[in-house]
Structure formats: structure tokens, C-alpha cells
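In this note's numbering, the protein residues as written are 1 to 474.
By construction, the Cβ of each residue, glycine as well, lies at the ideal position given by its N, Cα and C atoms.
Quick caveat: nothing in here was measured; it's all calculated off a predicted structure.
Below is one structure, written out as C-alpha cells; comments come after it.
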Ligand code: BG6
């Protein structure tokens, strides 16, 4: 079995990391807008430092980002030149409902995405839309404490109704929440949660997660009512956790670590809280307040496919003396002696992608979609502005090869592959521009200087050939 003939090759971005235009078109302020670049970013993302408005002292990279708000036609044209069949993007909630509480959607916001989708469709590019990629209207953060309040469920459903109705003939693939497991690690960016000192953090996070899970199921139902052709996916920050040794204590620890993440997808895909989570929540004294219908809502409205990001595998040990940590997507992990790492310490493990795909497919038996993968690296253009990013090509080649093995040799059903940051954009974790993932270079630095000019990197022509040959020419 080879890759499907209609395999969705493409690339992925998120509104807050590429659009900019944060005050244009009637857009309201979102949590992502108040996350600065620099040393205060992490405490803000983690919900430990209150930054509910922007000040003069900080630089906020989401405000302009790479200004795709004004450049999307040029950018989509370049995607089309690479042969994209699919473009994953997110809608900024605050373009549609600036505070989240308006009764009618903002027409200018709706029109912006309508034009953008038309631009994609003009080239035969299928939009894959993330409904919520780390954004919550700041108004709702301040008024309700964001997703900790059940009220957010209704407001999110209202937002989805507006976009499902408006784009029902233009968009087929939807993801309800980007990296839904992010809420456990960076709760402000994952769910707009600011956690006051002395509060029961786990209680707040799991209650908010419950609200997101119910909201996800409710809009899955709504989506099918509005257009039965819609395909709804969940989205996990994936990457299997290996055990540091064959000591059963390490193996058990790695299983527990994976379950922290699987929990969300277990609910979204199988429709109920898994037994291990019920027990663990009980043991930790976490009491999730549910409404009467919640269980049946979750049960009756499971997702059609499982999407995920994969940058790296993870490693854990039950032995507290083993502490050689390195960075990774969403959270730090132990160093794996068998793997090299990126300049940001994210370990490079192509076979880990095949392992992760098999674990997810074994567990859920639903089609998978790789909606993020890639290498964040420093690119140095030569005198004529050209970036020879062979390191990126090497990373992607090895991962695509592993992905094809999972399909051809293991029979995993895979819908598509949209590597992250197909055009350079702002890094979610660090707020930097210099951590680049793109096939297209954007002239801008960490401090916001640059012409924003786009240029093709070496990987641009390479990826074009990969798509043309449906993954044969690597
Ligand atoms: C994922 C996110 O966590 O990883 C993206 O969905 C993010 O928004 C990507 O940009 C890469 O992470 P970073 O921190 O290198 O931008």
C-alpha cells in the first residue's frame, strides 16, 4: 500500500504566529497578543505571570508577526508553486467575535477568511482549519477566567456555528483545538488560564480541559448537522515517551507519561474518560464538575480522524538521579543518548514518528493526519539572500521516509502531511523569528526589524519534487 493518491501534502501555520494585523478588521485582543518576546514570555504562557494588557517595556511578536494579514495572496501563491494540496491554518477567534460575547459575528473577519479560502481553492488547495490554535479573547480571560468557566463552552459553540455556516462549502477538514494536551503544561496559551498563587492548579486545568472536551464534542455534532461531509479531527502534541532503561519502573513511568497526553484523545476519539484517568483524578482529589448530559455528549460525538504534531520522541526515568534534561515541544524531557538534537535541544528521532503513528493507530483505529513536523533552525542567507537549508531537508527527508514506512509497511491509514511553519513565522514557545521552520524565508528578526520580504529556500524546490512524486523523490 502506497500513500493515497489524494494524499494531502501541504504545510501548516497558525493565525497568532503569522497573521499580525492584530488591531485591524475589527479584531479584538487575544491572550496570544499579550505574550511578549524575552524572559517574561515563559511565565506568561505558563499562566504564572499576569500580563493582561500590553505595555511599552515589552515587544509582542504576534502584533505584526509576518503580516500574512496583508500578504496572504503572495504566500498562498508560493504554496501553490510548491504544489500544496492542503494548507493548514487557524482562524483567530477575535476576528470573528472580538470579545467573544457579541451576538453577531464581525463581517470583516468572516470576509477575510472567506477571501483567504477562495484564494486557496483557486489553486486546488484544500484548507484544513484549526478552530482554536492557542487563542482566547482577552475579554473572556478577564471576565470569566477563560476556559475554567463553563460559559466558554457556549461561546465557543456560537463561534463555531458562525464559521461552519459561513464556510460550509469551502472547508471540509476542521480541528477543534490545537494540541489540546498543551493545557497541562502552558495553561495560559492552551486555555487562557492564569493560575493565582495558592490555587489548586490541577483542579483548574482539568476542569478547563473538561470544558474544552465537551465543547469539542458539541461542535462535532453541530458540524455534522451543518454539513455531513465535514471531517472533524482532534489534535495532540504527540511523541511517544520511551523508558530510560528496561527496569519495569521506568517502563511504567513512560506509560504514565504517555497516558497524560492520551487522556484527551481517548475522550475525543473513544467518547469517555478512560479508567486510568478516572482513578488518577480520584486519587489526586480532583473533582470534575459535569452536567447531566456531558457523558452522552462525549460518547455520541467522537472525532473522525486523529491529527497530531510530531517533533520528537520523549524519554523518562523513574530514577530521580537521572536528570540530564533537554528541551522538547511543550515540555522538557530527558536526553536520549542515541539521538542528536536541534539547536533548541529538541531531539531528532525519525523512527520515533513511525513508532508514534503505530501507537496512535493501534489505539484508535481511525485515520491519522500529521499536521505538524519540522526542524526549527537558524538560517543564514548568503550574499544574494539564498538559504541552503540542507539540515532541514535532511530532517524532513528522514521523517517523510519513516512516515511512508508506517503507511507502506505497517498499514497505517494516513490522510496527509502538513509540516509546521511552511513559511517562517514566530515561534510559539520562544517568540523568536530566528527559530525558523519554513521553505520560505521571511526577512525579519527577533526584535521585529526587517523588510518582511519572502524568498525561497533550497528546501522549497526539494519539497516541490517530493509532492510532485507523491513522496517517491526524496
Ligand atoms: C506546536 C504548536 O507546539 O509546535 C505550534 O502547535 C508551534 O504553534 C510548534 O509553533 C513549534 O514550536 P515552537 O516553539 O518552535 O514554535
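Every beta strand (DSSP E) stretch that sits fully inside the region 350-428 and reaches 3 residues is listed by chain position as 368-372 and 414-417. Rounded to whole angstroms, the separation of the alpha carbons of residue 192 and residue 45 is 9 Å. Proximity of the beta carbon of residue 179 to the ligand BG6 is indicated: a heavy atom of the ligand is located closer than 7 Å.
For residue 257, the number of other beta carbons within 10 angstroms of its own is at least 16, and it is reported as buried.
In the three-state reduction of the DSSP assignment, residue 120 falls in the helix class. In this structure, DSSP gives residue 29 a state outside helix and strand, which the three-state scheme calls coil.
For residue 231, DSSP records a beta bridge to 173. Contact between residue 3 and residue 471 is confirmed by a C-beta separation of about 5 Å, below the 8 Å threshold.
Within its own chain, the residues whose Cβ lies closer than 6 Å to the Cβ of residue 427, once the five positions on either side in sequence are excluded, are 435, listed in chain order. The beta carbon of residue 432 sits closer than 6 Å to those of 446, all from its chain and outside the five residues before and after it, given in chain order. Residue 415 is a Cβ neighbour of residue 305, given a cutoff of 8 Å. For the ligand BG6, no non-hydrogen atom lies closer than 7 Å to the CB of residue 268. Around the beta carbon of residue 76, 16 or more other beta carbons sit within 10 angstroms, so the residue counts as buried.
Annotation for residue 309: no alpha helix (DSSP H) segment contains it, though the beta strand (DSSP E) segment containing it runs 305-310. The three-state secondary structure of residue 461, taken from DSSP, is helix. Close CB contacts of residue 161 within its chain, under the 7 Å cut and outside five residues either way in sequence, are with 222 (chain order).
DSSP places residue 22 in the coil class of the three-state scheme, outside both helix and strand. Between residue 418 and residue 8, the alpha-carbon positions lie close to 8 Å from each other. Following the DSSP letters along the chain, one finds residue 88 inside the beta strand (DSSP E) bounded by residues 86-90. With fewer than 16 neighbouring CB atoms inside 10 Å of its own CB, residue 249 falls in the exposed class. Closest by C-alpha distance to residue 364, out of 32, 132 and 412, is 412. For the set 302, 252 and 288, the Cα lying nearest the Cα of residue 270 is the one of 302. Note on geometry: alpha-carbon atoms of residue 430 and residue 40 lie some 10 Å from one another. Within the same chain, and ignoring the five residues on either side of residue 67 in sequence, the residues whose Cβ sits closer than 6 Å to its Cβ are 20 and 452. In the three-state DSSP reduction, residue 129 falls in the strand class (E or B). Between residue 132 and residue 93, the beta carbon gap of about 6 Å places them in contact (Cβ cut-off 8 Å). Contact annotation, residue 326 with residue 238: C-beta distance approximately 18 Å; criterion of less than 8 Å not satisfied. At a cut-off of 7 Å, the beta-carbon of residue 80 does not count as near the ligand BG6: no heavy atom of the ligand is closer than that.
A straight line joining the alpha-carbon of residue 116 with that of residue 319 spans about 51 Å.
Around the Cβ of residue 278, a 10 Å sphere holds fewer than 16 other Cβ atoms; the residue is exposed.
DSSP places residue 346 in the coil class of the three-state scheme, outside both helix and strand. For residue 269, there is no enclosing beta strand (DSSP E), as DSSP marks it with neither H nor E. Per DSSP, reduced to three states, the secondary structure at residue 302 is coil, with no helix or strand assignment. Taking residue 96 as reference, the option from 119, 53 and 27 with the minimal CA-CA separation is 27. By the neighbour-count criterion, in which 16 or more other beta carbons inside 10 Å mark a residue as buried, residue 293 falls on the exposed side. Less than 8 Å separates the beta-carbon of residue 457 from that of residue 379.
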